[in-house]
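Letter 254 of the sequence shown, counting from 1, is numbered 645 in this note's numbering, and no numbers are missing.
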Amino acid sequence: MVERVDALMRSYVEELGDSTALTLFDRLPHGKRLRAKLVLKIARESKEALKLASIIELIHAASLLHDDVIDDAMSRRGVDSINAIYGNKSAIMLGDILYSKAFFELTTLSDEIAKTISNAVTMLSIGELLDVELSKEFNPDPRLYMDMIYKKTAVLIEASAKSAALLSSKDSEAFALYGKNLGIAFQIVDDILDITSDTKTLGKPALNDFKEGKSTLPYIYLYEWLDSSGKSQLLNLYKKALNEDERRWLLEKMRESAAIERAIQKAKALGNEAINAVDDPSLKSIISDMIDREF
Ligand code: FPP
Ligand code: MG
């Protein structure tokens, strides 16, 4: 099913008739295609659903190309990132090609779907800008973090679920709420895995977020729990390449404070809210695929 999405995405790029763009596109590692799976599960497999799923995956791929430039990320999904291989300029331009082609294809879907998806991409960009701003100094406020991840990650998942519901005449508001909660939970889980997984499993360096200035939910909960000397110690480690002692201190405090468990509970509660938003048991498995990962 998802192979048909991969093939359609490639044919959209092939249609552009540019061999450099196609070569770069072919070097992109295939992700989990979660957004495509969500669309096809909600709307069932039709020509329009495949098109919608491919458009959304092209937009998602474009956003990751730009994100890796912004984050100076040298790997993505276990392989060298496009910016690492071809440089920032080519990565940015491939991103632009993918999302503008996606927008061209979007104009062939209904007005309501086109508005839903294009509005989501604006919000996504605002979310990424917020992430950049919040990464300048340690952010202890969980509300700012939640707002940022809603925009950066959940908005496109919300728009995917809503558009798939619009395609198949289902309750679009209920599916939007499902996608929103699922998307927020998904990003919280991703941020937890940065702390609990090893580099090989992640396909990118582990414990990297804090070094990159990202105060994700477990760090915010840990900061809340620490006394004032612990708080200063945590702030000392912010944006730093950690040595073995510092790494051990951080992981030990994470364990003592149960900050990670608290973040997992938050993600699970959001997952349950997502399930409760729609009356469709088959959508439960997507939640567990996204949330019940190896912590
Ligand atoms: C990954 O975040 C980034 C996103 C989910 C969104 C990125 C959005 C943009 C760059 C806006 C531009 C949009 C287009 C369509 C060009 P992360 O860095 O937390 O996750 P990672 O660990 O996977 O890199
Ligand atoms: Mg990134």
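Where is the CB? At the ideal position from N, CA and C, for every residue including glycine.
TODO: Check the DSSP bridge columns for Val-470 and list the partner residues they point to.
DONE: Here residue 470 refers to the residue found at position 79 of the sequence shown. DSSP output for Val-470 lists Arg-467 as bridge partner(s).
Open item on the list: Counting beta carbon pairs with one atom in the stretch 466–476 and one in the stretch 598–609, are three or more of them shorter than 8 Å?
Closed with: Cβ pair count under 8 Å is below three, so no.
Task: Host alpha helix (DSSP H) of Glu-406 (start-end) - done: Position 15 of the sequence shown holds residue 406. Taken as a continuous stretch (DSSP letters only), Glu-406 belongs to no alpha helix (DSSP H), as it is neither H nor E.
Task: Start-to-end residues for the alpha helix (DSSP H) that takes in Lys-675 - done: Here residue 675 is taken as the residue at index 284 of the sequence shown, counted from 1. Lys-675 -> alpha helix (DSSP H) spans 675–682.
TODO: Return yes when the Cβ of Ala-665 is within less than 8 Å of the Cβ of Leu-573, no when it is not.
DONE: Translated into the one-based positions of the sequence shown, residue 573 becomes position 182. Translated into the one-based positions of the sequence shown, residue 665 becomes position 274. Contact flag set, yes.
- [ ] Please state whether DSSP places Met-392 in a helix, a strand or coil.
- [x] The residue given as residue 392 occupies position 1 in the sequence shown. Met-392 sits in coil when the DSSP states are folded into three classes, being neither helix nor strand.
- [ ] Could you tell me how far apart the beta carbons of Ala-576 and Ala-668 are, in whole angstroms, since I believe they sit closer than 8 Å?
- [x] Position 185 of the sequence shown, counting from 1, holds the residue named residue 576. Position 277 of the sequence shown, counting from 1, holds the residue named residue 668. At roughly 12 Å, the Cβ-Cβ gap does not stay under 8 Å, so Ala-576 and Ala-668 are not in contact.
Open item on the list: Within 8 Å, do at least three Cβ pairs link the stretch 607–627 to the stretch 492–510?
Closed with: The answer is no - the stretch 607–627 does not touch the stretch 492–510, with fewer than three Cβ pairs under 8 Å.
- [ ] Please confirm if the stretch 642–649 is in contact with the stretch 396–415, defined as three or more CB-CB distances below 8 Å between the two stretches.
- [x] Under the 8 Å Cβ criterion, the stretch 642–649 does not count as touching the stretch 396–415, having fewer than three qualifying pairs.
Task: Cut-off 8 Å between Cβ atoms - residues of its own chain near Asp-589, not counting five sequence neighbours on either side - done: Reading the sequence shown from its first residue, position 198 is the one you call residue 589. Excluding the 5 residues flanking it on each side, Asp-589 has same chain C-beta neighbours closer than 8 Å at Ala-597, in chain order.
Open item on the list: Taking a contact to mean a Cβ-Cβ separation below 8 Å, would you say Arg-703 touches Ile-476 in this structure?
Closed with: Any answer about residue 703 is impossible in this case: the structure gives the chain only from 392 up to 686.
- [ ] Considering only heavy atoms of ligand 2, list every residue whose Cβ is less than 5 Å from one of them, following chain order.
- [x] Sorted by position in the chain, Asp-458, Asp-462 make up the residues whose C-beta lies under 5 Å from a heavy atom of ligand 2.
Open item on the list: Mapping the DSSP letters down to three states, classify Thr-499 as helix, strand or coil.
Closed with: As a working mapping, residue 499 is identified with position 108 in the sequence shown. Correct three-state label for Thr-499: coil.
Open item on the list: Taking 7 Å as the cut-off, is the C-beta of Ala-552 nearer than that to any heavy atom in ligand 1?
Closed with: To locate residue 552, count along the sequence shown from 1; it is residue 161. Outside the cutoff, so no.
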